[in-house]
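Peer 1: Take this structure first; my questions come after.
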Amino acid sequence: QKEVEQDPGPLSVPEGAIVSLNCTYSNSAFQYFMWYRQYSRKGPELLMYTYSSGNKEDGRFTAQVDKSSKYISLFIRDSQPSDSATYLCAMRGGGFGNEKLTFGTGTRLTIIP
Amino acid sequence: GAVVSQHPSWVICKSGTSVKIECRSLDFQATTMFWYRQFPKQSLMLMATSNEGSKATYEQGVEKDKFLINHASLTLSTLTVTSAHPEDSSFYICSARVRTGATEAFFGQGTRLTVV
Chain A
315 QKEVEQDPGP
325 LSVPEGAIVS
335 LNCTYSNSAF
345 QYFMWYRQYS
355 RKGPELLMYT
365 YSSGNKEDGR
375 FTAQVDKSSK
385 YISLFIRDSQ
395 PSDSATYLCA
405 MRGGGFGNEK
415 LTFGTGTRLT
425 IIP
Chain B
766 GAVVSQHPSW
776 VICKSGTSVK
786 IECRSLDFQA
796 TTMFWYRQFP
806 KQSLMLMATS
816 NEGSKATYEQ
826 GVEKDKFLIN
836 HASLTLSTLT
846 VTSAHPEDSS
856 FYICSARVRT
866 GATEAFFGQG
876 TRLTVV
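So the protein lines, in turn, are chains A and B.
Sequential numbering of the first sequence, starting at 315, is according to the working numbering.
Sequential numbering of the second sequence, starting at 766, is according to the working numbering.
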């Protein structure tokens with residue numbers, strides 16, 4: 315079993331829809347949770363990060379973490395064609411010396427105009 | 766956010782030759798950089814952690830002698846793929862944190878290596 319599971323998609327939604335992206339994980343030591351966006355043939359771009367459980371909002375993006383369920387989500391409101399990309403979840407443990415990020419496989423998202 | 770620059774963006778080389786990829790932190794000093802490899806439609810797999818002034822720490826299954834990492838300064842780490850073979854063709858990406866223990870990791874734009 316992988317430490318981080320993410321549905322690879324592809325996921326296609328019409329422009330303006332709300333997108334929900336999710337990851338589950340098995341390692342209870344994970345403390346920091348991140349979402350990256352990766353366009354084709356480019357490096358990942360950090361969208362949001364969250365520490366422990368809770369919600370975090372940034373513009374059209376909302377990240378949620380439920381540590382009790384080992385489940386994290388990214389919501390995109392009013393989705394735009396420019397949001398079409400692969401979205402990677404990533405997580406790591408807390409403290410110094412524990413900086414290794416574990417990534418999900420990524421979900422390929424297409425927003426249809 | 767902080768800027769990490771990777772060069773070259775793509776490279777084609779002949780089998781048996783060596784290729785060097787550079788990763789630079791442009792507006793901050795990075796004591797630690799990370800090298801990843803990504804196959805099509807797969808996630809990033811950490812290859813090694815590069816520490817300035819010391820030897821890199823390689824993940825299990827990654828050949829140290831094949832993937833040479835040098836982190837000679839606080840703003841530059843290099844990955845050299847030695848005696849490249851077609852199976853080494855992949856997307857290589859580096860990342861760095863603005864300081865030890867920082868949460869955010871910033872990634873370079875990646876290098877697509879094709880070995881023919």
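Even glycine gets a Cβ: it sits at the ideal position worked out from N, Cα and C.
Just so we're clear, the structure is a prediction, and the values are computed from it rather than from any experiment.
Please report how far the alpha carbon of residue 779 of chain B lies from the alpha carbon of residue 785 of chain B, in whole angstroms.
Peer 2: 13 Å
Peer 1: Of all the options B:872, B:831, B:880, which has the alpha carbon lying nearest to the alpha carbon of residue 795 of chain B?
Peer 2: B:872
Peer 1: I need the boundaries of the beta strand (DSSP E) containing residue 370 of chain A, first residue and last residue.
Peer 2: Residue 370 of chain A -> beta strand (DSSP E) spans 368–372.
Peer 1: Let me know if residue 768 of chain B comes out buried or exposed under the rule of 16 or more other beta-carbons within 10 Å of its beta-carbon.
Peer 2: exposed
Peer 1: Is the Cβ of residue 795 of chain B closer than 8 Å to any Cβ of chain A?
Peer 2: no
Peer 1: At a Cβ threshold of 8 Å, is residue 804 of chain B touching chain A?
Peer 2: no
Peer 1: Closer than 8 Å, CB to CB, is residue 875 of chain B near chain A or not?
Peer 2: yes
Peer 1: Do you know whose CA, among B:858, B:831, B:770, lies nearest residue 791 of chain B's CA?
Peer 2: Of the candidates B:858, B:831, B:770, the one whose C-alpha sits nearest the C-alpha of residue 791 of chain B is B:770.
Peer 1: Where do the ends of the beta strand (DSSP E) carrying residue 321 of chain A lie?
Peer 2: It is not in any beta strand (DSSP E) - residue 321 of chain A carries neither H nor E in the DSSP assignment.
Peer 1: Could you pull out every residue in the same chain whose Cβ sits closer than 8 Å to the Cβ of residue 418 of chain A, ignoring the five residues on either side in sequence?
Peer 2: The residues are 318, 319, 320, 337, 402, 403, 404.
Peer 1: Pull up the DSSP beta-bridge partners for residue 342 of chain A, would you.
Peer 2: Its beta-bridge partners do not exist; DSSP assigns none.
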